[in-house]
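Engineer:
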Amino acid sequence: MNKLKNIIEPKLLFNHNQEVQDPRDGLTLFGPYSKDKVNNFSIGIIGTPSGIDFFKSWLTKFLNPVIPLKKDVSKPFYPGFEAIFGITVNLNSTVELEVSPSDLKKMYRYSDSHVRVSSMVDLFVDKIIDQKKEDDRPPVNLWFVIIPDEVYQHGRVKSKPAKDPIKIGIKDKYSRTTVGLFDEIDPTIKKLKDSYNYENNFHNQLKLKLLKHEILTQIIRESTIAYDQHPYLNSRNEPKRDLANMESDICWNIATSVYYKLGGLPWKLGKIRKDVCYIGLVFKINERNKNNKYACCAAQMFLDSGDGMVFKGAVGPWYNEDTKEFHLSEEASKDLLNKALDSFKRENNRLPKEIFIHGKTYFSNEEWKGFLNAVEGQDISIIGVTIKEEKVFKLYRNKDFPILRGSYYTKSHSQAYLWTKGFIPRLQQPLGMETPNPLSIKVTRGARNTNINTVCKDILALTKLNYNSCKFCDGSPVTLKFANVIGEILTSGEIEDLRPALPFRYYI
440 MNKLKNIIEP KLLFNHNQEV QDPRDGLTLF GPYSKDKVNN FSIGIIGTPS
490 GIDFFKSWLT KFLNPVIPLK KDVSKPFYPG FEAIFGITVN LNSTVELEVS
540 PSDLKKMYRY SDSHVRVSSM VDLFVDKIID QKKEDDRPPV NLWFVIIPDE
590 VYQHGRVKSK PAKDPIKIGI KDKYSRTTVG LFDEIDPTIK KLKDSYNYEN
640 NFHNQLKLKL LKHEILTQII RESTIAYDQH PYLNSRNEPK RDLANMESDI
690 CWNIATSVYY KLGGLPWKLG KIRKDVCYIG LVFKINERNK NNKYACCAAQ
740 MFLDSGDGMV FKGAVGPWYN EDTKEFHLSE EASKDLLNKA LDSFKRENNR
790 LPKEIFIHGK TYFSNEEWKG FLNAVEGQDI SIIGVTIKEE KVFKLYRNKD
840 FPILRGSYYT KSHSQAYLWT KGFIPRLQQP LGMETPNPLS IKVTRGARNT
890 NINTVCKDIL ALTKLNYNSC KFCDGSPVTL KFANVIGEIL TSGEIEDLRP
940 ALPFRYYI
């Protein structure tokens, strides 16, 4: 009879090669893994005049210690950005770009959602790109994009315009896509038509439009950093979003993300096997394509160093409406893996010995043949692992807390159930409020001697590599956690094939 086993919580590596479980403990006690790597950087701020003031006021708080209002093991003290990472932010050398509040307020009222979102995005993007081209000062390494909450409210899919809508847009779908006689004469017409090539999502569209310019951004809502100030107070002069108990969490998350985007590595896995890389497949149907079989494919590759890259694959008829699954052609899968191997070699001057490909569905014979062709003649082992959230199989305990995170049950030599959520002794609480569902882990392709125990340990470790926040862990491995986000960005508009591949930090 198979027994329930437990994986010891993976430790993370920090400065001086010190190991601890919680990234916040490690950063507080020892500093980031790549300490002294980030220096001489420049930041930019773009927003409305009040948004810039909100951010500059909050930045002083961000650079200094923040003590939580209530004592909570899961919400530790924040020592301050400069104390954690050992770098100084020169507030006098920041680049500031103002966005007109009146222009934004007018755009909130645009009746056509495509025109509304695209216009708001371009208001920010055009200023950032122009600054990069025309400013003689050292280039900005990271832009803080401070958006009023109205941008968030009116800049999403199915969002509605503000009061007193302004009629704008092209109703006729044929006219949106055809080239007119006056398109070149009047650039406003062309810009109007271009707006229909993009998804109605401010965040994704802004990220996409800046990808080819290799511009890094940190998008922050005004109410996140100014929740206790007007106009984010209600009629009783209380915050509409009361984030008082979340201030240290907000600082931890933004600090880690900023350090990573500036080129630093906050931490890496303590016990990671050398020359192994993990690839997560990303598929997303292009909603603007009339043929709903067509989807964009991409891959996220995570190295043993902890860093990640994103590769855009071909757009093609990868979606099967009968099986509701995505599968690549032989040629497309070979091309995608070749891109990943080329990038690995550029970073490490050698090829990996093992490649684990993570997917949410089984790998078809055709796409797996393409992966094998990519490594033909090389001493590289590739293993296909299907990872799904199990909805039916649960385990209950008659205790005050649920099953321990890291528990796993081996169903066979190639399949196991792994609880990435559950009770965490270090935090004295579970990850999530509900009875945790396990991940169904199955080795579906590749070496028959692959140890399912090793696969489970790797996947549990990969739940601790989210540099876009500073949490103890996630419920999904990083190879799949951001699959939807990356897919949505890549399908939110027209984009050229990105060569070389851009690091993961450009997408988050």
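Following my numbering, the numbering of the sequence shown begins with 440 at its first residue and continues without gaps.
Where is the CB? At the ideal position from N, CA and C, for every residue including glycine.
Remember, it's a predicted structure, so these values are computed and weren't measured experimentally.
Is Tyr671 buried or exposed, if buried means 16 or more other CB atoms sit within 10 Å of its CB?
Structural biologist: Against the sequence shown, residue 671 aligns to sequence position 232. Under this definition Tyr671 is a buried residue.
Engineer: If you count every other CB in all the chains shown that lies within 10 Å of the CB of Gly816, and 16 or more means buried, which is it?
Structural biologist: For the purposes of this step, residue 816 is taken as residue 377 along the sequence shown, with counting starting at 1. The residue in question, Gly816, is exposed, as its Cβ has fewer than 16 Cβ neighbours within 10 Å.
Engineer: Considering Cα atoms alone, identify which of Ile484, Leu581, Glu806 and Lys509 is closest to Tyr945.
Structural biologist: On the sequence shown, position 506 is the one that residue 945 refers to. Tyr945 has its Cα closest to that of Leu581, out of Ile484, Leu581, Glu806 and Lys509.
Engineer: For Pro877, is the classification buried or exposed, using 16 other Cβ atoms within 10 angstroms of its Cβ as the cut-off for buried?
Structural biologist: One-based indexing of the sequence shown puts residue 877 at position 438. It is buried - the Cβ of Pro877 has at least 16 other Cβ atoms within 10 Å.
Engineer: Look at the alpha carbon of Thr930 and the alpha carbon of Lys651, and state the distance between them as a whole number of angstroms.
Structural biologist: Against the sequence shown, residue 930 aligns to sequence position 491. Against the sequence shown, residue 651 aligns to sequence position 212. Each residue's alpha carbon lies about 14 Å from the other.
Engineer: Going by DSSP, which residues form a beta bridge with Gln854?
Structural biologist: For this step, residue 854 is matched to residue 415 along the sequence shown. Beta-bridge pairing links Gln854 to Lys881.
Engineer: What does a CB cutoff of less than 6 Å around Tyr613 pick up in its chain, not counting 5 residues either side in sequence?
Structural biologist: For this step, residue 613 is matched to residue 174 along the sequence shown. Residue placement at Tyr613 is flagged as unreliable, the pLDDT there being 47, under the threshold of 50; the coordinate-derived value follows with that caveat. No residues qualify anywhere along the chain.
Engineer: If you count every other CB in all the chains shown that lies within 10 Å of the CB of Thr859, and 16 or more means buried, which is it?
Structural biologist: Translated into positions along the sequence shown, residue 859 becomes position 420. Looking at its Cβ environment, which holds 16 or more other Cβ atoms inside 10 Å, Thr859 is buried.
Engineer: Would you grab the beta carbon distance between Val824 and His797 for me? Rounded to a whole angstrom, and I think it's under 8 Å.
Structural biologist: Taking the sequence shown and counting its residues from 1, one reaches residue 824 at position 385. Taking the sequence shown and counting its residues from 1, one reaches residue 797 at position 358. Yes, Val824 and His797 are in contact; Cβ-Cβ is about 5 Å, under 8 Å.
Engineer: Which residues in the same chain have their Cβ closer than 7 Å to the Cβ of Ile925, if we skip the five residues on either side of it in sequence?
Structural biologist: Residue 925 sits at position 486 when you count from the first residue of the sequence shown. Excluding residues within five positions, the ones whose Cβ falls inside 7 Å are Val721, Ala737, Gln739, Val749 and Tyr946.
Engineer: May I ask you to report which of helix, strand or coil DSSP gives Tyr613?
Structural biologist: To locate residue 613, count along the sequence shown from 1; it is residue 174. The predicted model places Tyr613 with a pLDDT of 47, which falls under 50 and marks its position as unreliable, so this point remains unresolved.
Engineer: Report yes if the C-beta distance between Val560 and Phe641 is below 7 Å; otherwise report no.
Structural biologist: Taking the first residue of the sequence shown as 1, we reach residue 560 at position 121. Taking the first residue of the sequence shown as 1, we reach residue 641 at position 202. The answer is yes: Cβ separation under 7 Å.
Engineer: Just verifying my parser: in three-state terms, what is the DSSP assignment at Glu573?
Structural biologist: For this step, residue 573 is matched to residue 134 along the sequence shown. Note: Glu573 maps to helix in three-state DSSP.
Engineer: Quick one: give me the first and last residue of the alpha helix (DSSP H) that Glu661 is part of.
Structural biologist: Here residue 661 corresponds to residue number 222 of the sequence shown, with the count starting at 1. Glu661 -> alpha helix (DSSP H) spans Glu661 to Ile664.
Engineer: Output the distance between the C-alpha atoms of Ser803 and Ser768, rounded to the nearest integer angstrom.
Structural biologist: As a working mapping, residue 803 is identified with position 364 in the sequence shown. As a working mapping, residue 768 is identified with position 329 in the sequence shown. C-alpha separation (whole angstroms): 9 Å.
Engineer: So, are the CB atoms of Lys707 and Tyr472 less than 7 Å apart?
Structural biologist: By one-based count along the sequence shown, residue 707 stands at place 268. By one-based count along the sequence shown, residue 472 stands at place 33. Contact flag set, yes.
Engineer: By the DSSP assignment, the beta strand (DSSP E) with Phe722 in it spans what residues?
Structural biologist: Taking the first residue of the sequence shown as 1, we reach residue 722 at position 283. Taken as a continuous stretch (DSSP letters only), the beta strand (DSSP E) holding Phe722 covers Val715 to Ile724.
Engineer: Determine the direct distance from the alpha carbon of Ser879 to that of Asn890, and round the result to whole angstroms.
Structural biologist: By one-based count along the sequence shown, residue 890 stands at place 451. By one-based count along the sequence shown, residue 879 stands at place 440. Whole-angstrom Cα-Cα distance: 15 Å.
Engineer: Helix or strand or just coil, what does DSSP make of Ile414?
Structural biologist: Coverage of the chain is limited to positions 440 through 947, which leaves residue 414 absent and any answer about it impossible.
Engineer: Could you pull out every residue in the same chain whose Cβ sits closer than 7 Å to the Cβ of Asp461, ignoring the five residues on either side in sequence?
Structural biologist: Taking the sequence shown and counting its residues from 1, one reaches residue 461 at position 22. These residues qualify, in order along the chain: Arg865 and Phe911.
Engineer: For Lys679, does the three-state DSSP call read helix, strand or coil?
Structural biologist: Reading the sequence shown from its first residue, position 240 is the one you call residue 679. Lys679 falls in the coil class under three-state DSSP.
Engineer: Please state whether DSSP places Tyr472 in a helix, a strand or coil.
Structural biologist: Taking the sequence shown and counting its residues from 1, one reaches residue 472 at position 33. Note: Tyr472 maps to coil in three-state DSSP.
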